[in-house]
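Notes follow once the structure below has been shown.
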Amino acid sequence: GNSVTQMEGPVTLSEEAFLTINCTYTATGYPSLFWYVQYPGEGLQLLLKATKADDKGSNKGFEATYRKETTSFHLEKGSVQVSDSAVYFCALFMDTGRRALTFGSGTRLQVQP
Amino acid sequence: NAGVTQTPKFQVLKTGQSMTLQCAQDMNHEYMSWYRQDPGMGLRLIHYSVGAGITDQGEVPNGYNVSRSTTEDFPLRLLSAAPSQTSVYFCASSSLAGGGETQYFGPGTRLLVL
Numbered sequence: 162g163n164s165v166t167q168m169e170g171p172v173t174l175s176e177e178a179f180l181t182i183n184c185t186y187t188a189t190g191y192p193s194l195f196w197y198v199q200y201p202g203e204g205l206q207l208l209l210k211a212t213k214a215d216d217k218g219s220n221k222g223f224e225a226t227y228r229k230e231t232t233s234f235h236l237e238k239g240s241v242q243v244s245d246s247a248v249y250f251c252a253l254f255m256d257t258g259r260r261a262l263t264f265g266s267g268t269r270l271q272v273q274p
Numbered sequence: 009n010a011g012v013t014q015t016p017k018f019q020v021l022k023t024g025q026s027m028t029l030q031c032a033q034d035m036n037h038e039y040m041s042w043y044r045q046d047p048g049m050g051l052r053l054i055h056y057s058v059g060a061g062i063t064d065q066g067e068v069p070n071g072y073n074v075s076r077s078t079t080e081d082f083p084l085r086l087l088s089a090a091p092s093q094t095s096v097y098f099c100a101s102s103s104l105a106g107g108g109e110t111q112y113f114g115p116g117t118r119l120l121v122l
């Protein structure tokens, strides 16, 4: 079946540090890939997505590139802010079968001033 | 435009009690789903629906029932609550015309079963 593996958290960084959160996937077929963000006490918000190999999704300074050869979709940001503190979920979507998202376990990011 | 709404925000139940978690969307989306979120496990699919009158099981359906009598509403019923159902529940919806991949989430219902 399909699965998503994320790096374990929590990740603690100082403000303006570089962020990488690793995500790899297993899927039969060609999924679309997503990063969702969950701020404390809130629901999930779509952060960025990529629908085919070599696509780069970007939003709010975050980027991730769909790498088919390494089955990865790592999230990066050049300079994090305290307001980026949240839980980040990597997910994949197949447009067949259940048409549901398969999520990774989430990575908590804590940015210190 | 309210998007996806869920009620209640928080609920405490005793083992064996039943309850219904409400979910509504005003975007005319065909696809709706329920997930549960547990620490260290991400979100897991409970049930989903591709339109009014059509529902199907997800990854963890046991102990839950759903129905879809209208496009807007997709309630989740716990028939006899168990402590293992303590979790945060999220409802989501998407448009199948767009492929269904961009899913919009509600704010969640936090459930504690004692």
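Respectively, the protein sequence lines represent chains S and H. Under the numbering used here, the letters of the first sequence match residues 162 to 274, in that order. Under the numbering used here, the letters of the second sequence match residues 9 to 122, in that order. Ideal Cβ positions, reconstructed from N, Cα and C, are used throughout, including at glycine.
*Contact with chain H by Ser-246/S, beta-carbon distance below 9 Å*: no
*For Thr-94/H, which option in Val-12/H, Thr-13/H, Thr-23/H and Gln-14/H has the closest C-alpha, if you only look at C-alpha atoms?*
Thr-23/H
*Give the straight-line distance between the Cα atoms of Cys-251/S and Leu-174/S, rounded to the nearest whole angstrom.*
19 Å
*Could you check what DSSP says for Asp-81/H in three-state terms: helix, strand or coil?*
strand
_Beta-carbon gap between Gln-30/H and Gln-45/H smaller than 9 Å_ = no
_Element boundaries [beta strand (DSSP E), containing His-55/H]_ = 51–59
_Quick test of your reading: Leu-253/S and Ala-211/S, contact by CB under 8 Å. State the CB separation rounded to the nearest angstrom._
Their Cβ separation, rounded to whole angstroms, is 10 Å, which puts Leu-253/S and Ala-211/S out of contact at 8 Å.
_Contacting positions in the region 237–264 of chain S - beta carbon closer than 7 Å to chain H_ = Phe-250, Phe-254, Asp-256, Arg-259, Arg-260, Ala-261, Leu-262 and Phe-264
*Could you spell out where the beta strand (DSSP E) holding Ala-247/S opens and where it closes?*
247–254
*Any idea what DSSP makes of Leu-104/H, helix, strand or coil?*
helix
*In three-state terms, what does DSSP make of Gln-45/H?*
strand
*Looking only at DSSP bridge pairs, what is Asp-64/H linked to?*
Tyr-56/H
*Is the beta carbon of Arg-85/H less than 9 Å from the beta carbon of Thr-28/H?*
yes
*Counting pairs of beta carbons, one from the region 265–273 of chain S and one from the region 163–178 of chain S, are three or more of them closer than 8 Å?*
yes
*asked:* Only counting the same chain, and skipping five residues up and downstream in sequence, which positions put a Cβ closer than 8 Å to that of Thr-257/S?
replied: Gly-190
*Do we get a CB-CB distance below 9 Å when we pair Val-165/S with the residues of chain H?*
yes
*Along chain S, which residues have their Cβ under 8 Å away from the Cβ of Ser-41/H?*
Ala-261
_Assigned exposure category for Val-12/H - 16 Cβ within 10 Å defines buried_ = buried
*Do the CB positions of Leu-104/H and His-55/H come within less than 9 Å of each other?*
no
_Neighbour flag for Thr-181/S against chain H, beta carbons, 9 Å_ = no
*Check the Cβ-Cβ distances between Phe-98/H and every residue of chain S, and say whether any is below 9 Å.*
yes
*Whole-angstrom distance between Ala-89/H and Val-74/H, CA atom to CA atom*: 15 Å
*Return yes when the Cβ of Gln-199/S is within less than 9 Å of the Cβ of Val-248/S, no when it is not.*
yes
*asked:* Starting from Glu-237/S, trace the beta strand (DSSP E) in both directions and tell me its first and last residue.
replied: 236–238
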